[in-house]
Every structure is written in C-alpha cells, then in structure tokens.
Amino acid sequence: MFTKILIANRGEIALRVIRTCQRLGVQTVAVYSDADAHAPHVKLADQAVRLGPAAASESYLKIDRVIEAAQSTGAQAIHPGYGFLSENAQFAAACEDAGIVFLGPTASAIRTMGDKITAKQAVASRGVPLVPGVAESGLSNDQLEKAALDVGMPVLIKPSAGGGGKGMHAVFKQEDLRESLEAARREAASSFGDDTLFLERLISTPRHIEVQVLADEHGNVIHLGERECSLQRRHQKVIEEAPSALLDEETRARIGQAAVETARSVGYRGAGTVEFIASADNPDEFFFMEMNTRLQVEHPVTEQVTGVDLVEWQLRIGAGEELTLKQEDITLTGHSIEARIYAEDPARGFLPTGGTAIDVVFGNDNDPGLRVDAGLEAGQTIVSDYDPMIAKVITTAPTREEALAKLDDVLAHSAVPGIVTNIDFLRMLITRDDVIAGDLDTGLIDRLTEDDLAHAPQPVDALLAAVAVTHGVGQRTTTAQRGQATTSAPSAWNVTGWRNASPINERVDLTYQGEPVDAVYAGEPARVRPVGTGAEVVVTCCGSDHRALVWVTPANVWVASTRGVFMFGRPQADTTLGAAGAGASITAPMPGAVTSVRVADGDTVEEGQPVLVLEAMKMEHVLRAPVTGVVQLATAAGTQVALDEVLATVVEEEEQ
1 MFTKILIANR GEIALRVIRT CQRLGVQTVA VYSDADAHAP HVKLADQAVR
51 LGPAAASESY LKIDRVIEAA QSTGAQAIHP GYGFLSENAQ FAAACEDAGI
101 VFLGPTASAI RTMGDKITAK QAVASRGVPL VPGVAESGLS NDQLEKAALD
151 VGMPVLIKPS AGGGGKGMHA VFKQEDLRES LEAARREAAS SFGDDTLFLE
201 RLISTPRHIE VQVLADEHGN VIHLGERECS LQRRHQKVIE EAPSALLDEE
251 TRARIGQAAV ETARSVGYRG AGTVEFIASA DNPDEFFFME MNTRLQVEHP
301 VTEQVTGVDL VEWQLRIGAG EELTLKQEDI TLTGHSIEAR IYAEDPARGF
351 LPTGGTAIDV VFGNDNDPGL RVDAGLEAGQ TIVSDYDPMI AKVITTAPTR
401 EEALAKLDDV LAHSAVPGIV TNIDFLRMLI TRDDVIAGDL DTGLIDRLTE
451 DDLAHAPQPV DALLAAVAVT HGVGQRTTTA QRGQATTSAP SAWNVTGWRN
501 ASPINERVDL TYQGEPVDAV YAGEPARVRP VGTGAEVVVT CCGSDHRALV
551 WVTPANVWVA STRGVFMFGR PQADTTLGAA GAGASITAPM PGAVTSVRVA
601 DGDTVEEGQP VLVLEAMKME HVLRAPVTGV VQLATAAGTQ VALDEVLATV
651 VEEEEQ
C-alpha cells in the first residue's frame, strides 16, 4: 500500500478520498486554487499545494503543476476524483512518465472509452448491444443532417468526447437539427476541446441504468450491481439509487455481464462505470451508452448496498494487489438513494445561484441510515468557476419505500442559508406518486410544468419565525431553562433587542418570492435558542408549537422548517440588484462570463432572437431579446457579470 497520495480534485470527492486514506493510514496531499485556499479539503489533508488562480484552466486542469505538486511532496500516486483530469489520457500518461501511479485505468483505456465512437467499436467486438445510430469520426454538420434521415427522427446529438450531458441535444424535428448541431459543437469544444459529434436514435421513455465494475491488472473483473439514474435534467443526474426498481434478477445478471465484457474490451484496470439505456416499456432490452473511466458521483449508493469501499479498492488495485473479491461475494442488501444538492434555483429554470453559506445543516449526523458527502462548510463562498453541486445526501434502508421516506425526512431537516438550493425541489420530486411507484424515465423532470417547479409550501410557520426574530418579539432562553452553554444570542440576532412581553402583535416589512407578505406576529413570545450561526425558534400559534431554524442577514431572513427552506427579503435593507427597464432588459440569470455577443449595439432585433451567450457552472446559456426593437448593449464578450446585472436593453420602436 502507498504511504502518501495526492488528490487532484476539490470539494466533497477530495474529502471522500481523504477519509478512506485516513482509515488505511495513507497520508494525503491536497491541491487547491486561490478560490479554495481555505476549503475543507485543504484543511483536512496532511499537506496542501497551491496550483494557481480560481479558474480551473489555470489551476486544477494544469497537468504540469499537478505532477510537480506530487513530485515535490513525495506522493507515490494520484487520485483524480471525478471531473477535471479524471478522464484525461494525457494526464494518465504524464503520471506514468513521471513514475507516479495514476489511480485509474491506463491512458489507452481512457482514450478508447473517452471517445464515444471508438468505445462503441470496442464493445461491439464483445457482443455488447448498441443503440442504432451513426458513429464515425470527422462527420460535418451536413453529413450528420443527412445521416439523421437514415437513423430516423427523433435523434440524440452527443459529443464524442466528455460527458455529464454537456453538448447533448434531443432533436425531434429535422428543421431544428442544424441549430442544435451548431450549439452542440460549441458546447463540446468549450467543455472538452473536441467538437466531434455523433447521432443515436432517441429511445422512447428511456431509463438510465449503470453498472459498477472493478478490475485489476491480473485480469480479474467483477461487477457490483447496478444503479438507476433516470431522474435527471439536462442529462445531469439528480437522484440515483441502487438497486434499480426496473430490473428483474435475470436482466440484472445479463446487464452485469455486459458491463464486465465492456471492461474486458479495453483491458480495464480500477473502478469504472458502464452506462446503459433501457426502455421503460421494454425493460429486458438494454443498450450500451458509454463507459466512465473513473469513480462516479453516485458511487456511495453502491457502497451502501454492497459494503465495499470503492476508493480502498482503487488504492489496492493501483498498488498492484490482486482483486480478492469474487462475483459470488457481491450481494445487494437493502436499498440506497442519493440526492444531489445543487446551488441552483428550480423556479428560474435551474439556473446556478451562488453566494456565501451562512450555515450548513444536513439532517441528523447520528442517523445510522444517513450518509452525507459534502464539501461545503459555514462561511464558504460558492463561485461560478466550478460545478454547482455542493453536497450529496444518501439514505439507506431495508426497502426502497423506507429509503425514500427517510430521504424526505432528512431533506426536511436540511438547509444551506445564504445560498438558494434545490432542496425543496428534491422533496417535491421524491414524494411524487410516479417516483414512489418507481415509474421513472429520463424525461420525467423535463416534463414538469412551471407550476410544478414554482411549487412551494405555504410558509406560514416559517413566516411566524421570521417575523418573531426580525422584530425581536421573542425571549432568549437561559442556561437554566435549556441547559445550554451560552445565554446570549450571536450579534446577528441583536436586530432590535430581545424582550419578554405578552401578548404581542407586531407587523414587519418582509417579502417572499419578490412579493410583499402579510407579516404579522400575534401571540405569545417566541422561544429562541442560539444554534451555530443562527437560532432555533419555537413559536406557539393556534394551540400548537412551530419549530424552525432562522438566520438573519442584512438583506434576508432564512428559515428552515419541516415545510421547506424559505428566504424572506427585508426591503428596508435590500441590497440586491434588480432588473431594469420595464421588461425590456436582458439581465444575467446567474453570475458568469459573457462568451459571445451575437448583435451589434444599435441593431434591430426580433423578439426571441439570440443576443448574448453567457457561460457559468460549465453550461452555456443563450439570452434572447424579450421584445422586438433596437438593442442597446451594456456589456462585451469576455466580461464577468453578476447575478441580475443588466447586459442589454431592447427599446421598442414606439418608445424611441
């Protein structure tokens, strides 16, 4: 076993690898950008080396700097995590040239499987079923348009390089194909440095099933069962579970064997995942999609139901050990479900948000059925340079129904005040009848209506708590009353000074989702107890107690109750940017960089015409003219912009 390894990644996966290394007595070296100088993974590692500025292209993606960091610290191996350099064949080769073990497959295997076209050719030789389509290198847009006629609409455009749904476009009409091909090429070139595309027939009601494999350099290959990842949006996974509710035992054995054959087709080494697509209408038929030559984000659910530490086996296989696990040793016990917590706003089309975490709360740490893999702590700022995922919450129980119920309960007691997240959306999703019944497909989230996405429970109890705290109509509990170590609230709570009075009838100016709310507190004094950077508030109303966690900032009051996570604005202290211009302005829907300006200042544009392209959180977003008129630009390509910053204004002709 190694004595020291370097982790070429950040956030929760870096922390995940460090935990296993600590258990095995292996020292760890963290690397970081300027944005992560005080991040949790930097603090937990035995050593840390700075790579460069915040931009990943100047830090985490710099192969020479990562290799130098390993050499200077005496690290014998490098764990790439996922994302960044994890599936970079050049990086794997550079490690080998430097005499450092790359904790993953060979550069050749990465190169073959990293190109979707050569991957299909490789697995076809092992009898692995493929989706009908056209997969050839160097096809132009004209050739792909012609090929689509043979494949048959609808089709799915996919980049040959990369993954994570970036550059993938579903096209249902031939006339929409050209624009989608052009967009896919731009996104593929931007994300992977390779704009090669191919086409597949779009499978109706598709379900995403993937199989975990382990392989050593001695020729041993096993699979550890499947995971279902059908609940996704924009081809990005949201909820994952193991095992799948779709497969019977016979199909489970066949798909597992197909995954093993896929690994054998490239002489695979280490942990990897083979992804398949199956039709919900015909679950015994499945097709190979791709192989991810790394650890997957959703690997914890497999670990939970098999009891196998995948990171440990990555280390052991990398050290040359033989895989002692046999296929018959792998059994799936119980059910495990993972929810990805993103810094994004479902009510605004899942656009990435950002901000500084006032606090971080994920359920009860002592719950034996709960696992939280998070790379965020209180006081940390989420920036637009990296992926918006900030945590994973995993629950495990004897049955799928119990695991879902536990996950909903954990999310009900989770909050990241200071950052708008998808926690409430996740609760809505996993409590839907079709999800509970296991009736899933990859288009389920995309079919949700605006009402579904904007749905939020009525914040009655949360509003009571917000008003009570903001106006100081509560009484601080004392050490004698609560047995706590402190008798005074943090300074954030000294908004107007606490008082002990009864009864109370107070009105406070607050807004909710941009609209004024009837914020009146009438009743007995609230009981308030400092907890971390916030406070636990108990409000008695209508004969029952309402309990919530509350955090106050100059501009907002954040409240987490079992009904959800709510943000109330304080208009008397609001410092946020607002949209300008009576609906004719184009504002930044998230912090990011303007990568392209499609029009010139003073041009006449039609409603819906593309005006700007904004890139943030590794995604490209086309911003279009809200009305027909003359455009007045307020930005330029290459500019970094803030949330809600006005980028352009379109003046209608009658207004000129």
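The opening residue of the sequence shown carries number 1 in full-length UniProt numbering; numbering runs sequentially from there.
The beta carbon of each residue, even a glycine, is placed where N, CA and C say it ideally should be.
Original post:
Per DSSP, which one or two residues make a beta bridge with Arg-126?
Top reply: Residue 126 sits at position 126 when you count from the first residue of the sequence shown. The partner list for Arg-126 (beta bridge, DSSP) is empty, contrary to what the question assumes.
Original post:
To the nearest angstrom, how far is it from the Cα of Glu-179 to the Cα of Trp-551?
Top reply: Stepping through the sequence shown from its first residue, residue 179 is reached at position 179. Stepping through the sequence shown from its first residue, residue 551 is reached at position 551. The alpha-carbon atoms of Glu-179 and Trp-551 are separated by roughly 46 Å.
Original post:
Going by alpha carbons, who is nearest to Tyr-342 out of Arg-233, Glu-290, Glu-328, Arg-252?
Top reply: Looking up residue 342 in the sequence shown gives position 342. Among Arg-233, Glu-290, Glu-328, Arg-252, the Cα nearest to that of Tyr-342 is on Arg-233.
Original post:
For Val-622, is the classification buried or exposed, using 16 other Cβ atoms within 10 angstroms of its Cβ as the cut-off for buried?
Top reply: As a working note, residue 622 is residue 622 in the sequence shown. Flag for Val-622 reads exposed.
Original post:
Under the three-state reduction of DSSP, which class applies to Gln-327: helix, strand or coil?
Top reply: Counting from 1 along the sequence shown, the entry for residue 327 is found at position 327. Helix at Gln-327.
**OP:** Taking only the alpha-carbon atoms, compute the straight-line gap between Ala-437 and Arg-371 and give it to the nearest angstrom.
**Re:** Working through the sequence shown from its first residue, we reach residue 437 at position 437. Working through the sequence shown from its first residue, we reach residue 371 at position 371. Linking Ala-437 to Arg-371 through their CA atoms gives a straight-line distance of about 24 Å.
Subject >> Within 9 Å, strictly: CB atoms of Phe-102 and Ser-160 >> reply: Walking along the sequence shown from the start, residue 102 turns up at place 102. Walking along the sequence shown from the start, residue 160 turns up at place 160. No Cβ-Cβ contact shorter than 9 Å links Phe-102 with Ser-160.
Subject >> Exposed unless 16 or more other CB atoms sit within 10 angstroms - verdict on Ala-253 >> reply: Here residue 253 refers to the residue found at position 253 when the sequence shown is read from its first residue. The residue in question, Ala-253, is exposed, as its Cβ has fewer than 16 Cβ neighbours within 10 Å.
Subject >> Continuous beta strand (DSSP E) assignments of at least 3 residues falling wholly in the segment 618-647 >> reply: 619-624, 629-633
**OP:** Grab the span of the alpha helix (DSSP H) containing Gly-256 for me, first residue to last.
**Re:** Locating residue 256 in the sequence shown gives position 256, where the first residue counts as 1. Gly-256 -> alpha helix (DSSP H) spans 249-264.
Subject >> Rounded C-alpha distance that separates Thr-333 from Glu-249 >> reply: In the sequence shown, counting from the first residue as 1, residue 333 sits at position 333. In the sequence shown, counting from the first residue as 1, residue 249 sits at position 249. Distance between the alpha carbons of Thr-333 and Glu-249 is about 14 Å.
**OP:** Using the Cα positions of Leu-577 and Gly-99, report the straight-line distance between them to the nearest angstrom.
**Re:** Residue mapping note: residue 577 aligns to position 577 of the sequence shown, counting from 1. Residue mapping note: residue 99 aligns to position 99 of the sequence shown, counting from 1. Any reading at Leu-577 is ruled out, since the residue's pLDDT is 27, under 50, leaving its predicted position unreliable.
Original post:
When the Cα of Pro-530 is compared with those of Pro-516, Ala-548, Ser-544, which residue comes out closest?
Top reply: Position 530 of the sequence shown holds residue 530. Comparing Cα positions, the closest option is Ala-548.
**OP:** Assess, as a yes-or-no matter, whether the segment 308-319 is touched by the segment 7-21 under the definition of 3 or more beta carbon pairs within less than 8 Å.
**Re:** Yes, they touch.
Original post:
Counting along the chain, where does the beta strand (DSSP E) carrying Lys-392 start and finish?
Top reply: Indexing the sequence shown from 1 puts residue 392 at position 392. Counting along the chain, the beta strand (DSSP E) containing Lys-392 begins and ends at 389-397.
Original post:
Are Arg-126 and Thr-262 touching if we call contact CB-CB under 9 Å?
Top reply: In the sequence shown, counting from the first residue as 1, residue 126 sits at position 126. In the sequence shown, counting from the first residue as 1, residue 262 sits at position 262. Contact flag set, yes.
Subject >> Of the listed residues Gly-379, Ala-378, His-413, nearest to Gly-363 (C-alpha basis) >> reply: Taking the sequence shown and counting its residues from 1, the one referred to as residue 363 is at position 363. Of Gly-379, Ala-378, His-413, the residue nearest in Cα terms is His-413.
Original post:
Bridge partners of Ile-382, per DSSP?
Top reply: Numbered from its first residue, the sequence shown carries residue 382 at position 382. BP columns for Ile-382 point to Gly-355.
Original post:
What's the gap between the Cα of Ala-39 and the Cα of Leu-376?
Top reply: Translated into the one-based positions of the sequence shown, residue 39 becomes position 39. Translated into the one-based positions of the sequence shown, residue 376 becomes position 376. Cα to Cα, Ala-39 sits roughly 8 Å from Leu-376.
Original post:
Quick one: Cα of Thr-442 to Cα of Val-360, how far?
Top reply: In the sequence shown, counting from the first residue as 1, residue 442 sits at position 442. In the sequence shown, counting from the first residue as 1, residue 360 sits at position 360. Roughly 30 Å between the two C-alpha positions.
Subject >> From Gly-369, Leu-411, Ala-347, residue whose alpha carbon lies closest to that of Asp-451 >> reply: Here residue 451 refers to the residue found at position 451 when the sequence shown is read from its first residue. The option with the nearest alpha carbon to Asp-451 is Ala-347.
Subject >> Range of the contiguous beta strand (DSSP E) that encloses Asp-150 >> reply: To locate residue 150, count along the sequence shown from 1; it is residue 150. Segment 141-151 is the alpha helix (DSSP H) holding Asp-150; no beta strand (DSSP E) there.
Original post:
So, Ala-69 versus Val-42, is the Cβ gap smaller than 9 Å?
Top reply: As a working note, residue 69 is residue 69 in the sequence shown. As a working note, residue 42 is residue 42 in the sequence shown. For the pair Ala-69 and Val-42, the CB atoms are not nearer than the 9 Å cut-off.
**OP:** Taking Ile-13 as part of the alpha helix (DSSP H), name the residues at either end of that continuous run.
**Re:** Along the sequence shown, one-based indexing puts residue 13 at 13. Unbroken alpha helix (DSSP H) run through Ile-13: 11-24.
Original post:
Between which two residues does the alpha helix (DSSP H) carrying Ser-86 extend?
Top reply: As a working note, residue 86 is residue 86 in the sequence shown. Note, Ser-86: premise wrong, no alpha helix (DSSP H); not H, not E.
Original post:
If you follow the alpha helix (DSSP H) that Arg-563 is part of, which residue opens it and which one closes it?
Top reply: Within the sequence shown, residue 563 is the residue found at index 563, counting from 1. Segment: none, Arg-563 is in no alpha helix (DSSP H) and carries neither H nor E.
Original post:
Do Ala-215 and Gly-272 come within 9 Å of each other at the CB atom, strictly closer than that value?
Top reply: Counted from its first residue, the sequence shown places residue 272 at position 272. Counted from its first residue, the sequence shown places residue 215 at position 215. A contact, by the Cβ cut-off of 9 Å.
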